[in-house]
Every structure is written in C-alpha cells, then in structure tokens.
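A short worksheet on the structure shown next.
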Amino acid sequence: LQEVTASSRHYVDRLFDLDPQKVLQGVIDMKNAVIGNNKQKANLIVLGAVPRLLYLLQQETSSTELRTECAVVLGSLAMGTENNVKSLLDCHIIPALLQGLLSPDLKFIEACLRCLRTIFISPVTPEDLLYTDATVISHLMALLSRSRYTEEYICQIFSHCCKGPDHQTILFNHGAVQNIAHLLVSTSYKVRMQALKCFSVLAFENPQVSMTLVNVSVDGELLPQIFVKMLQRDKPIEMQLTSAKCLTSMCRAGAIRTDDPCIVLKTLPCLVRMCSKDRLLEERVEGAETLAYLIETDVELQRMASITDHLIVMLADYFKYPSSVSAITDIKRLDHDLKHAHELRQAAFKLYASLGANDEDIRKKIIETENMMDRIVNGLSESSIKVRLAAVRCLHSLSRSVQQLRTSFQDHAVWKPLMKVLQNAPNEILVVASSTLCNLLLEFSPSKEPILESGAIELLCSLTQSENLALRVNGIWALMNMAFQAEQKIKSDILRGLSTEQLFQLLSDSDVNVLMKTLGLLRNLLSTRPHIDYIMSTHGKQIMQAVTLILEGEHNIEVKEQTLCILANIADGTTAKELIMTNDDILQKIKYYMSHSNAKLQLAAMFCISNLIWNEEEGSQERQDKLRDMGIVDILHKLSQSSDPNLCDKAKTALQQYLA
C-alpha cells in the first residue's frame, strides 16, 4: 500500500501549490488519473485529497474553472465504491455542493448537481440530507429548467430521494408536478426518462398526487395519454415499465377506473409482457410486482391477467431460470442473476397471491401448475425473509378455497411448515401466517387434527396476548374456528390455555373485532349440552361475570346480540340453566332486552326465555312460575301482537309452553 500511495502522493501535494495555475493543472491531472480507476480513487481518499478539494471548491478566491474541476473530480471519486461515498459524506460534501448551487455560473452548477446526483443515488446516502434545509427544494425547482443537464440531474435526485409520504408531500407542495410535467415531452430521452421516474415515485400510494396528475396536460395532451404513449412496444423497456407504474399508482388511488381502456388494454398487457422469459431478471421482478399491485383488489383485472399470454404458466419459469438463454452470453450477468434469483421467486409468489385472491377457478389453475405446492412449502423455509413473506401470502390467498383446503393442502401437509413459520417469525409474517392458520382450522379442513396435535393451542393463546392488534384478532379467530363443533377435550384445553384472566382481558379489548371473535369463541365453546354443562361447572362463575360485564357496557348491537346468544346457549344446558335462574341481575337484563327497540336483541332475549321454560325438561314448572312473577308472560303477550313475524312466532311458541 505504501508504494502505491507514494506514487499517488504527488497528485495531492500539487493541490497545495502556491501558484493557482499549477493547482488547476494538478486537479485536471488528478481527474484524468482517477477516471475508471477504483484503486487510484481509494488511494487519493486515504491521502486526504477530499478535504483539500472541498476547500478549493468553497474558496471565493478560486477561479470558476478550478471550482468546476474540483466538483468533477469529487463526482468521479463518488462513482467508485460505497466506501468512497461514505468518506465523502464524512467530509460534509453535501452542504458544500448545495452551497455551490448558489453560484451564477451554469457549468459549475451542473458539475455540482452531477456530483450530488452520484452521491444521492448511492444506497449509503440518507435521503433526509436533501430535506434538512427547507430552502434547498425550492432552489432546485428554480434551477430545474436552466439546461438539459439540470433537468436530468435534479429529476434524478428527486426520484432517488423521494421515499414515503412525507417526502412526496414536500415535493408536491413545492410544485413538483407543474415543474416536471413539461419535461415528459423533452427532446432528450434521459430527461424524459428521469421525469417519468419522478412521477412514478411521487404517485406511488399517494391519492393526492394521483388525483392531480389525471388533470395535468402538456401541449394539450393529458398526462395519462402521454403515459400510454410511453407504454408502447417500440419504446425502451425501462420507459414502458416506469409509465406502467405511473398508471398503476393512479389506478390504485382511484384516479383512473379499473375498467378504463388505458388500464385494461394498455397497462395490464404491458406488465404481463414484462414477465416473459426473454426479459432481464430485474424487468421480470418489477413487472410481476407492479402487476400484483395493480390487480390486488380487483377481481375483473385478476381474471383478465390470468388469461393473458398464459401468465400462470409463464410465472412457473420464475422458479427455474434466473436468466434466459439469450442473456447468458455474459458470464457476469449469469453470476448476478443466480445471486438475485430469490427476487424472482418473491415476485412470482406475490403475483400468484394477487391472481388467486378472489376467483376459485384461478386458484385451481395456480395449484395445478407444476410442483406449485412444493414450491410454496420450500418458500416457507427460505433464508430470505421477503421470499418467506411472499410464500405465506400466496398460501393465504389459496387457503381461501374450501376445495383446496380439502385436497392439495392435505396432500402436501402444508400445516407443518406453516406451524414452523409461526414459531419465531417477525410480526409481518406472523399476521399472514396466522390468517392462513385460521383457514386451515375451519371445520371442513382435514388439517385441523394434526395442527392441534402439534401444539397450536398454546401458540394461538400466546398470539392473543400480542401488542399487535392483527395478531390478537387472528389468534382469537383461529381459536374460535378450532372450537367449532370440537370435542370436549379440545374445548377444555382452549379454556385452560387462555386462562380466565386472559379471557377478561380480551372481552375488555378496545377493538370491537377482538371482542366479537372472543364472544364467537365462547359461543362455540358453549355448544352441545354435555359440553355446556361441563364448561359451566368449571368456569361458570367467570363466564357469567363476563356476560354481565358486556351487557352493562357501552357496546354496539352486534356485540350485545352475540352475548345474548351465549346466554341462550347456557340456558340450553341441563344443569347450566341454574346459573341463570339463580342470578336475578341477569334475568332482569334478559327482560329488559325483550322490550328493547332493536328486534335482533329482542329475538336473542326470547331464545334465552324459550330455553329456560321448555316443558319437557326437569324443573320447568318452577322456572315458568318464577319468570311469570317477573312479568315475562305479559311481555310475551305483547310481543305475540308484534308486526315483526319472527318476534310474533317466537312469542307464540313460548306462550304455548305455558299452556301445555
């Protein structure tokens, strides 16, 4: 290293010469020495060239030519490795270059912008450095149209530094849409392309920007029409893809309808084309991911995509060939593609998940694609977290099919790897995996038994204690599905696993979804007589407390109705009935709901009464007498005159029990 640096030292020494002309010549020689030479770049950085170049760049006494050449050399150093960029950032290069943009000299401004562009497109540069000073964005907007280079570099800086809604809003409020729109018809391809990229990141998941873009016109042509022209097959692939992304974002934001010809006849077919085997790996990845996003929530687009160019079969190639045969002429390319093959798998899983989100026939086609279930099962245990998440999403989408739950899911014992994924995954994966488990636990799914044997109850009970709302909902939902028509042992295991404390916690959860699913679980636990009696003999006191708690609380109609249905189930038990009959508070509540203004609640309260007074059962006489004394019979007479046929029938049936 010492020998190498010694040969580079004279470049740095010349930067300190007292003769400005020699300094300039030294910078120019340095520029020629570092072009395309990463070793030389690293040497000069080690020898401390950067602080001196920045000093010269900022000196008022330096000639404009010297300052410009300094910016060029710094830009060249930034083109090297990520470590080079880190060294430049450590020397506070960004504030120095931004300061340079205030110069009146256009050539110098362009050199500063080119260097800024190179630094900002590096993954090691924090985007926020562009936004620390509020005046920077407005100054860049003002510089935008100075030359074809300022247009290109500034758009490129914006598109790389626009990450998330906050950045989008800042750029939007500084007039990005109006300032950049006319660049889409620039004579320079590079400018058109960078402007297009800007719109693609500005509009992504942003309704405000999308709604604005629809109405902007350039030279009498609306932006969507300009984007459609850029989608055509004769345009370069990156232009086709990026304009498809713009139209996709506008469609998802509701700015363009999903049945608009520009989506159905232009955007969707263009994205399907990008999935073809002869496209480059990154084009196939971006094409599939964008298409997955476009069709995610619209069943008609899902159907249309599924029958375009044999897409479902074409995606199977994503698991086989990272590169097409025609691309393998380049050994570097092959090496790159093998390293990035997992991105293809992730994209394919995502697109399969969107395709199969709603339509049973599409799901069937996906599952019948060669080795599909094996691929998903393998995907669940891949090292890349993105692939695992996409595989779980795909599995979740397919698990909405009753037919598949009974067949393919069973044949491939999908529950095994799924249970493994649930052991210690990050929340993002847990949410989708636990939703899938909910579907696998439905009563018609043959996976239910083995899942129970593999310790699912414990796992699900622990999910109900999660800080994450979606996980609490899924945990309790899966338990509810598990308890449906289950044998008594399973029900007891669930109650033991949950603990009374946790049950109360869930019943007082601030989220109504958690509450409804917990009530659904209780209702499923308390079904069939022997089970009702057994559970009420072990947990009766706590369950009655819980019911009281909810009927007294501020809850919506659905919650109260579900709670009264639980009471009706308890009233159907043989010994469990007594827990209601000896609880005057609960009896008064049932009476109150019989005269409620909402018919659903009246009906649910009547179920309780019917089950309590049913004749053929032991002790029915005493129960009937007690309820008559409370005034229940008078209410039944009144309800038998009701205009609601359901209420009327139910009341008459109940009164017959008294007459029998």
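Each residue of the sequence shown is one higher than the one before, starting from 4 at the first, in this note's numbering. Backbone N, C-alpha and C fix where the C-beta goes; we use that ideal spot for every residue, glycine too.
Considering only their Cβ atoms, is the gap separating residue j from residue i smaller than 7 Å?
i      : j      : result
ALA509 : VAL517 : At residue 509 the sequence reads Leu, which differs from the Ala that was named. It is a contact, given that the beta carbons lie within the stated cut-off.
ILE638 : MET597 : yes
LYS200 : THR251 : no
GLN197 : CYS158 : yes
VAL139 : VAL188 : no
MET33  : VAL75  : no
GLN243 : CYS273 : yes
ASN176 : LEU147 : no
VAL204 : SER141 : no
LEU119 : LEU100 : yes
LEU433 : LEU474 : yes
SER65  : LEU56  : no
CYS73  : VAL26  : no
LYS494 : ALA486 : yes
ILE612 : GLY576 : no
THR96  : PHE123 : It is Ile, not Thr, that sits at residue 96 in the sequence shown. For ILE96 and PHE123, no; Cβs fall outside 7 Å.
CYS164 : GLU130 : yes
PRO227 : CYS265 : yes
LEU47  : SER11  : yes
GLN660 : ASN601 : no
ALA258 : SER213 : yes
Considering residue i, what are the terminal residues of the alpha helix (DSSP H) in which it resides?
i      : result
ASN586 : Premise fails: ASN586 is in no alpha helix (DSSP H) and is neither H nor E.
GLY167 : Taken as a continuous stretch (DSSP letters only), GLY167 belongs to no alpha helix (DSSP H), as it is neither H nor E.
PRO126 : First-last for PRO126: undefined, no H or E at that position.
PHE610 : 602-616
HIS542 : 532-555
TYR134 : Note, TYR134: premise wrong, no alpha helix (DSSP H); not H, not E.
PRO227 : 226-233
PHE322 : Neither: PHE322 is in no alpha helix (DSSP H) and is coded neither H nor E.
PHE507 : 491-510
GLU2   : In this structure the chain extends from 4 to 663, so residue 2 is not present and cannot be described.
PHE352 : 344-358
SER643 : Element bounds for SER643: n/a, residue is neither H nor E.
PRO239 : Run containing PRO239: none; DSSP gives neither H nor E here.
ASN527 : 515-528
CYS464 : 459-466
THR566 : 560-574
THR439 : 430-443
MET376 : 375-382
If you count every other CB in all the chains shown that lies within 10 Å of the CB of residue i, and 16 or more means buried, which is it?
i      : result
ASN1   : The structure shown does not extend to residue 1, since the chain is modelled only from 4 through 663, so no value can be given for it.
PHE207 : buried
LEU116 : buried
PHE19  : exposed
TYR595 : exposed
VAL515 : exposed
THR467 : buried
ILE38  : exposed
SER437 : buried
ARG626 : buried
LYS653 : buried
LEU91  : buried
TYR321 : buried
LEU501 : buried
GLU371 : exposed
ARG532 : exposed
THR541 : exposed
ASP587 : exposed
TYR192 : exposed
GLU292 : buried
LEU4   : Confidence in LEU4 is poor, its pLDDT being 49 and thus under 50, which makes the residue's placement too unreliable to answer from.
HIS13  : exposed
GLY290 : buried
HIS170 : buried
Going by Cα to Cα distance, which pick from the options is closest to residue i?
i      : options                        : result
SER400 : THR172, MET376, THR138         : MET376
MET144 : ALA184, GLN305, GLY167         : ALA184
ALA350 : VAL395, ARG336, ILE334         : VAL395
ASP136 : GLU154, GLN102, SER148         : GLN102
ASN87  : ALA114, SER66, ALA52, GLU113   : ALA52
THR172 : ASN209, TYR152, ILE160, VAL194 : ASN209
GLN565 : LYS580, ILE535, LEU604, GLN545 : LEU604
ALA571 : MET539, ALA607, VAL219, LEU421 : ALA607
Quick one: is the Cβ of residue i within less than 6 Å of any heavy atom of the ligand ZN?
i      : result
LEU421 : The ligand ZN is not among the ligands present in this structure, which contains no ligands whatsoever.
(message) I'd like the ranges of any alpha helix (DSSP H) spanning at least 4 consecutive residues and lying wholly in the segment 144-212.
(response) Annotation: the segment 144-212 contains the following complete segments of the alpha helix (DSSP H) (minimum length 4 residues), in chain order: 151-164, 168-176, 179-184, 192-206.
(request) Jot down the residue ranges of each uninterrupted alpha helix (DSSP H) in the segment 249-287, minimum 4 residues, whole runs only, in chain order. (result) The qualifying runs are 271-277.
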